[in-house]
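Novice: Below is a structure I'd like to ask you about.
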Amino acid sequence: MKRKGEMKKVIKVKDKVNDGQDDDPWWWLVQEGIRPSFLCISLFALLVRVAVGLHPYSGAGTLPKFGDYEAQRHWMEITLNLPPKDWYRNSSVNDLSYWGLDYPPLTAYQSYVHGVFLKTFDPDSVALFTSRGYESYLGKFLMRWTVLSSDVLIFFPAVLYFVLVYRSMRFGMGQNSDVAWHIAMILLNPCLILIDHGHFQYNCISLGLTIAAIAAALSQKDLVASVLYCLALNHKQMSAYFAPAFFGYLLGKCLRKKNPLLEVTKLGLMVIGTFAVVWWPYLQSKDAALAVLSRLAPFERGIYEDYVANFWCTSSVLVKWKKLYSTQSLRIFSLAATLITCLPSMVQQIFAPSSKGFLYALLNSSFSFYLFSFQGMYFLSIFVLLAFFFFGTSSQNHYLSLKYAVHEKSILLPLLPLTLLALEESRLILWLTHFAMFSMFPLLHRDKLVLAYMALYALFILVYFAPCGPGGRCHGTKTLNNTQKTKRSEDFITSITFHPLVMGFLGLCSLILHVIYLTMHPPNKYPFLFEAVIMLICFSQFVLFTFYFNSKQWMLSKHLTSKDQQKKLI
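Residue 224 in my numbering sits at position 91 of the sequence shown, with consecutive numbering throughout.
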């Protein structure tokens, strides 16, 4: 009798498990583990990228300078046909006014490798001088392939690395289906896909290196993290949006170890070595190094470019910053605003470093730079000097005055850490992704990517609201013992942001603006009226996000246990 009772209990448990499997559409995907699940989602994400690549790209058939597609192709042409010392110099064979190379050396090396690939199959596409505006079918196919291969070789493995680390640290303690949903949120990020595979860029490389650096830092591989982040910074200088977070987290960890000076010295040697290797062709002379640096700081472009949902562009409707103030004054204003908004999250990580706090610091730091940074902020060189001085950065890097292309595409940087926090912020990832896409809509409309825009948005919504996923359950996964006190501290901002009336109103406004933008012309007196309204709405939401995430990061330090506070890292 006792054995029969035990058998009945086992049958009941199995029935419950099977019922859960029947109700969970993700079950078939996750039953074999994370890696097979990742492979299936990756193949689907790759197919989506291929489909987007069939659409037009930036500047297609638009004379005389075309667009970003031509810029990337031209860099392959230059790096393949000229020696490295001439890549950044204006000359008779390298006219810098025609898409001159203005990214760090790692981008140049990437362009060279891709140029070799194109030359193998279509030499005319990278021939010096004669290939300008080259748009053959084979050439476009090969160019699209270089972005796909970059995703497969760098971005996808980095995401897998992060997911494995994230899972092992038990950030997400929900169902296995949450892991598949999390992977899908990262790999099917519509903004990144539209910019890289539609508009045409290689953000997947710098963002992939950044994700790998984050995963390494979370798994206590600080030296590896510093190398990977330096590589990301040397691929696209916009990766410095994350510099305050990396600096605060790594320095905070060093200060908690038994020999802080030794730990800082080791990090410094890794940074020096990485920069030295990447910059080696330009360290032979001061003029060569300065020639590269001068290309990375185009202050003449102004405080923003196009219509971007940051403070300067949005407020320029009322305050004509470029007319009222000199470039020097605007740099100072930008310095003050950016420091005021990014320092709190960095300081929090220095005094109370934590893995979860690090992810929020990445989000807060990138939002600060997106909202307030100058397009060619000279002060960032000062920050890099101060930040990496502790890590022993060589003197030639102190001159690095990084260029910030503060335009619509910059929203990819704040969006990255939020996708990594998708299980923590399952509601906010939907809302921020919506407004990130909305802020890029004028750019994508110019590129004739409206169909891809709508299709990817619909796909993202379907995946987000998949039954039994965190989005479908309409609440985030509970992690790291969120207390009632923490929730009460967040109620004020979330009650504003997620109030049904507010969400309904903003959703309706964005829908109406989409329709108006596609079907109507603005008044002749205000040719950019629609863009200005779009930026205003998106900016208002980004500001709320910034306040919310900063407050949440600071609340984390209040809930560290006494064991965490006394813990010494090995």
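Glycine is no exception: its CB is placed at the ideal position from the N, C-alpha and C atoms. In this text the structure is predicted, and so the values were computed from the model without any measurement.
Can you tell which of Ile-326, Trp-445, Pro-169, Tyr-415 has its C-alpha closest to the C-alpha of His-188?
Specialist: Out of Ile-326, Trp-445, Pro-169, Tyr-415, Ile-326 has the C-alpha closest to the C-alpha of His-188.
Novice: Just grab the DSSP bridge partners of Asn-227 for me.
Specialist: Asn-227 pairs with Ser-224.
Novice: Is Tyr-270 near the ligand COA, judged by its Cβ being under 7 Å from some heavy atom?
Specialist: By its list of ligands, the structure shown contains no ligand whatsoever, and the ligand COA lies outside what it can speak to.
Novice: Using the Cα positions of Tyr-590 and Trp-413, report the straight-line distance between them to the nearest angstrom.
Specialist: Roughly 43 Å separates the two Cα atoms.
Novice: I'd like to check one pair, Phe-177 with Leu-293: are the Cβ atoms closer than 8 Å?
Specialist: No; because the gap between Cβ atoms is not below 8 Å, this pair is not in contact.
Novice: Using a Cβ-Cβ cutoff of less than 6 Å, which residues in the same chain neighbour Ile-287 once the five nearest sequence positions on both sides are dropped?
Specialist: Cβ within range, chain order: Ile-338, Gly-341.
Novice: Name the DSSP bridge partner or partners of Lys-685?
Specialist: Paired residues: none, contrary to the question.
Novice: Would you kindly work out how many angstroms separate the C-alpha atoms of Ser-528 and Tyr-382, rounded to a whole number?
Specialist: Any reading at Ser-528 needs caution, since the residue's pLDDT is 33, under 50, leaving its predicted position unreliable; the model's value is listed next. Going from the Cα of Ser-528 to the Cα of Tyr-382 covers about 23 Å.
Novice: Please list, in chain order, all residues of the same chain as Asn-683 whose beta carbon is under 7 Å from its beta carbon, the five residues on each side excluded.
Specialist: These residues qualify, in order along the chain: Pro-477, Ser-478, Asn-497.
Novice: Could you check what DSSP says for Lys-252 in three-state terms: helix, strand or coil?
Specialist: Note: Lys-252 maps to helix in three-state DSSP.
Novice: If you pair each beta-carbon of the region 228 to 246 with each one of the region 376 to 391, do three or more pairs fall below 8 Å?
Specialist: Contact fails: fewer than three Cβ-Cβ distances are below 8 Å.
Novice: Can you grab the Cα-Cα spacing for the pair Phe-295 / Met-276, in whole Å?
Specialist: Those two C-alpha atoms are separated by around 28 Å.
Novice: Is the beta carbon of Phe-593 sitting closer than 8 Å to the one on Leu-321?
Specialist: Yes, the Cβ-Cβ distance between Phe-593 and Leu-321 is below 8 Å.
Novice: Taking C-alpha atoms, which residue in Ser-462, Gly-192, Ala-291 lies nearest to Gln-334?
Specialist: Cα-wise, what sits closest to Gln-334 is Gly-192.
Novice: Are there 16 or more other CB atoms within 10 angstroms of the CB of Gly-385, so buried, or fewer, so exposed?
Specialist: So Gly-385 ends up on the buried side.
Novice: Taking just the CA atoms, how far does Ala-204 sit from Pro-547?
Specialist: So the two alpha carbons sit approximately 25 Å from each other.
Novice: Quick check on DSSP: helix, strand or coil for Lys-581?
Specialist: It is coil, neither helix nor strand.
Novice: Report back the beta-carbon spacing between Leu-429 and Pro-217 to the nearest angstrom; my notes put them in contact at under 8 Å.
Specialist: Between Pro-217 and Leu-429 the Cβ distance is about 16 Å, and since that is not below 8 Å, they are no contact.
Novice: Suppose contacts are defined by Cβ-Cβ distances below 8 Å. Is Asn-336 in contact with Leu-261 by that definition?
Specialist: It is not a contact, given that the beta carbons lie outside the stated cut-off.
Novice: Report back the beta-carbon spacing between Thr-471 and Phe-500 to the nearest angstrom; my notes put them in contact at under 8 Å.
Specialist: Actually they are not in contact, since the Cβ atoms of Thr-471 and Phe-500 sit about 11 Å apart, beyond 8 Å.
Novice: Decide if the region 672 to 680 is in contact with the region 561 to 579; the criterion is three or more beta carbon pairs, one per stretch, under 8 Å apart.
Specialist: With the cut-off at 8 Å, the region 672 to 680 and the region 561 to 579 touch.
Novice: By the three-class DSSP mapping on this structure, what secondary structure does Lys-391 have?
Specialist: In the structure shown, Lys-391 sits in coil (DSSP, three-state: anything other than H, G, I, E or B).
Novice: With H, G and I counted as helix, E and B as strand and the rest as coil, what does DSSP make of Trp-208?
Specialist: Helix.
Novice: For Asn-336, name the three-state secondary structure that DSSP assigns.
Specialist: Here Asn-336 sits in helix by DSSP.
Novice: Measure the Cβ-Cβ separation of Ile-211 and Ile-316 and say whether it is below 8 Å.
Specialist: Going by C-beta atoms, Ile-211 is not nearer than 8 Å to Ile-316.
Novice: Taking its Cβ as the centre, do 16 or more other Cβ atoms sit within 10 Å of Asp-329, making it buried, or is it exposed?
Specialist: Buried: at least 16 other Cβ atoms inside 10 Å.
Novice: How is Phe-792 classed by DSSP in three states: helix, strand or coil?
Specialist: As displayed, the chain neither begins before 134 nor continues past 703, which places residue 792 out of reach and without an answer.
Novice: Quick check on Pro-323: buried or exposed, where buried means 16 or more other Cβ atoms within 10 Å of its Cβ?
Specialist: Buried.
Novice: Is the distance from the Cβ of Leu-239 to the Cβ of Leu-416 below 8 Å?
Specialist: Contact flag unset, no.
Novice: Buried or exposed for Asn-614, going by 16 or more other Cβ atoms inside 10 Å?
Specialist: Summary for Asn-614: the model assigns pLDDT 43, below 50, so the residue's position carries little reliability; its value from the coordinates is reported in the next sentence. It counts as exposed.
Novice: Mind reading off the beta-carbon distance from Tyr-231 to Lys-273? Whole number of angstroms is fine, and I expect it under 8 Å.
Specialist: Going by Cβ atoms, the distance from Tyr-231 to Lys-273 rounds to 20 Å, so no, they are not a contact pair.
Novice: Which word fits Pro-660, buried or exposed, when buried means at least 16 other C-beta atoms lie within 10 angstroms of its C-beta?
Specialist: With fewer than 16 other Cβ atoms within 10 Å, it is exposed.
Novice: Ends of the alpha helix (DSSP H) at Met-479?
Specialist: Segment 460 to 484, the alpha helix (DSSP H) holding Met-479.
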